[in-house]
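Below is one structure, written out as structure tokens, with a few remarks after it.
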Amino acid sequence: MVQTRIIDLDRKIPGGASIEFLRVEKPVGKYSHAPFVLVRYSLAGEEQEYGLRLDLDKQVFLDHFDDNQEKEEVIQKAAPKIIEVLEDALSASR
Amino acid sequence: MPIFYRGAGIGTYWHTNDARLNGFTPQSPGTMGSLSRLMNHIARGTTNSPFVSMTRSYGVALSYALLAGRTYPTPTNPAYVYEIEINDPLPAGLQLFDPAKEVAASVPTPLGLSYYHDGAPEFLLGVVSPTRMRRFLTAPYPQPPPRGGTSRPPNLTIELETLVRALRDAEILAIGTIPAACIRNRLNES
Numbered sequence: 000m001v002q003t004r005i006i007d008l009d010r011k012i013p014g015g016a017s018i019e020f021l022r023v024e025k026p027v028g029k030y031s032h033a034p035f036v037l038v039r040y041s042l043a044g045e046e047q048e049y050g051l052r053l054d055l056d057k058q059v060f061l062d063h064f065d066d067n068q069e070k071e072e073v074i075q076k077a078a079p080k081i082i083e084v085l086e087d088a089l090s091a092s093r
Numbered sequence: 000m001p002i003f004y005r006g007a008g009i010g011t012y013w014h015t016n017d018a019r020l021n022g023f024t025p026q027s028p029g030t031m032g033s034l035s036r037l038m039n040h041i042a043r044g045t046t047n048s049p050f051v052s053m054t055r056s057y058g059v060a061l062s063y064a065l066l067a068g069r070t071y072p073t074p075t076n077p078a079y080v081y082e083i084e085i086n087d088p089l090p091a092g093l094q095l096f097d098p099a100k101e102v103a104a105s106v107p108t109p110l111g112l113s114y115y116h117d118g119a120p121e122f123l124l125g126v127v128s129p130t131r132m133r134r135f136l137t138a139p140y141p142q143p144p145p146r147g148g149t150s151r152p153p154n155l156t157i158e159l160e161t162l163v164r165a166l167r168d169a170e171i172l173a174i175g176t177i178p179a180a181c182i183r184n185r186l187n188e189s
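Heads up: the protein sequence lines correspond to chains A and B, in order. Just so you know, we're using numbering that gives the first Met the number 0 here: the first sequence kicks off at 0 and counts up by one. Just so you know, we're using numbering that gives the first Met the number 0 here: the second sequence kicks off at 0 and counts up by one.
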């Protein structure tokens, strides 16, 4: 089973197009060096069952809103900011 | 009998759709393949492309299955790793590409510019892991004397990024449909 650490995004990441970024789930333990994290988000205030996969090496989301350009722009703009928050949180705990 | 793998995390297309029934198809089958599309597929995560990604490494596929799903798997809701066997001659309409070879072949001579960087040797560590080793990625490039040029990070081309990401994932790309007959197994992982 994958164990994760939760990093609350605490409204630090600008959303838009009804998207709000809630938190990052980062694998820990034997998977702590994996290049993937899961970003939980809500749409119109409702948390979605499935999160958005973020590749920390490529620094892009692996999931897309292909049918909604506005939402797609919101998540792609957010990717580097989410990584920054994640880096800060991880370096603070080292 | 070469074996390839593909991880399918929960909530992803190939978790919801069983590739053992109809095989693997690209997201945009009608789009022409090109070096530029190949590099964007690998380095930028563009999935709206004519390529299907596979890996030669079970470990890479396992990592995608367990850690790159849209939620994490459990024993009662496992992720999948597909085992794909592709023999020579390839199935009709299927082409395979080694991304590293494609990028290298695009550089006509060492006089051209492609995947070369102009940073220190440790610059590559920053490219490999920009989150953990950002300091190497952003350190100013060392200049020859009298070192009077504008300070900037080393050159990072999409060719170099593609090479590094393709090597990370032991990645092979396919154009065309990988027939269901090539999919030998779908393993549960959690």
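Beta carbons: idealized from backbone N, C-alpha and C, even for Gly.
Hey, could you find the ends of the alpha helix (DSSP H) B/Glu101 is sitting in?
98 to 104
I'd like to check one pair, B/Ser48 with B/Thr30: are the Cβ atoms closer than 8 Å?
Yes.
Taking the Cβ atom as the reference point for each residue, do B/Ala180 and B/Arg55 lie within a distance shorter than 8 Å?
no
Buried or exposed: which applies to B/Ser62, given that a residue is buried once 16 or more other Cβ atoms fall within 10 Å of its Cβ?
buried
Identify the contact partners of A/Glu86 in chain B, using a Cβ-Cβ distance below 9 Å as the criterion.
Correct list: Thr130, Arg131, Arg133.
Nearest residue (CA-CA) to B/Ile157, options B/Val126, B/Gly175, B/Ala91, B/Ala18:
B/Val126
For the stretch 32 to 102 of chain B, which segments carrying the beta strand (DSSP E) assignment without a break, of at least 3 residues, lie completely within its bounds, in sequence order?
Runs of the beta strand (DSSP E) inside the stretch 32 to 102 of chain B: 50 to 54, 78 to 84, 94 to 96.
Along chain A, in chain order, which residues have C-beta atoms closer than 7 Å to that of B/Gly147?
Here the premise fails: no neighbours, minimum Cβ distance about 31 Å.
Run through chain D and tell me which residues come within less than 8 Å of B/Asn47, C-beta to C-beta.
Protein chains in the displayed structure are A and B, and chain D is not among them.
From the beta carbon of B/Ala179, is the nearest beta carbon of chain A less than 8 Å away?
Not an interface residue.
Continuous beta strand (DSSP E) stretch holding B/Gly6: start and end:
Note, B/Gly6: beta strand (DSSP E), 2 to 7.
Contact list for the stretch 0 to 24 of chain A against chain B, Cβ threshold 8 Å
Met0, Val1, Thr3, Glu24
Inter-residue Cα distance where the pair is B/Val102 and B/Leu112:
12 Å
Are the C-beta atoms of A/Ala33 and some chain B residue less than 8 Å apart?
Output row for A/Ala33: interface = yes.
Range covered by the alpha helix (DSSP H) that runs through B/Glu160:
157 to 167
Between A/Ile74 and chain B, is the shortest Cβ-Cβ distance under 8 Å, so that the two count as touching?
no
Does the beta carbon of B/Gly58 come closer than 8 Å to any beta carbon on chain A?
No, its Cβ sits nowhere closer than 8 Å to a Cβ of chain A.
Ignore the nearest five residues each way along the sequence and tell me which others in B/Phe3's own chain have a CB closer than 7 Å to its CB.
Taking C-beta separations shorter than 7 Å and ignoring five residues to either side along the sequence, the partners of B/Phe3 in its chain run Met53, Thr54, Arg55, Ile83, Ile85, Ile171, following chain order.
Are A/Val23 and A/Ile81 touching if we call contact CB-CB under 8 Å?
yes
Residue closest to B/Arg19, alpha-carbon to alpha-carbon, out of B/Ser189, B/Glu188, B/Thr176:
With distances taken between Cα atoms, B/Arg19 lies closest to B/Thr176.
Spatial distance of B/Gly8 from B/Thr70 (CA atoms)
If you draw a straight line from the Cα of B/Gly8 to the Cα of B/Thr70, it is about 8 Å long.
Chain B contact for A/Gln68 (CB, 8 Å cutoff)
With 8 Å as the cut-off, A/Gln68 does not count as an interface residue toward chain B.
Residue-level contact to chain B via CB, A/Lys29, 8 Å cutoff:
no
With 16 as the cutoff for other CB atoms within 10 Å, does B/Leu166 come out buried or exposed?
exposed
What would DSSP say about A/Tyr40, mapped onto helix, strand or coil?
strand
I'd like to know if the stretch 57 to 64 of chain A and the stretch 132 to 143 of chain B are in contact, where contact means that at least 3 CB-CB pairs between them fall below 8 Å.
no
Pairwise C-alpha distance: A/Phe35 and A/Ser90:
17 Å
Quick one: grab the DSSP three-state call for B/Phe122.
helix
What does DSSP give as the partner residues of A/Ile5 in its beta bridges?
A/Glu24
Buried or exposed, going by whether 16 or more other CB atoms sit within 10 Å of the CB of A/Lys25?
buried
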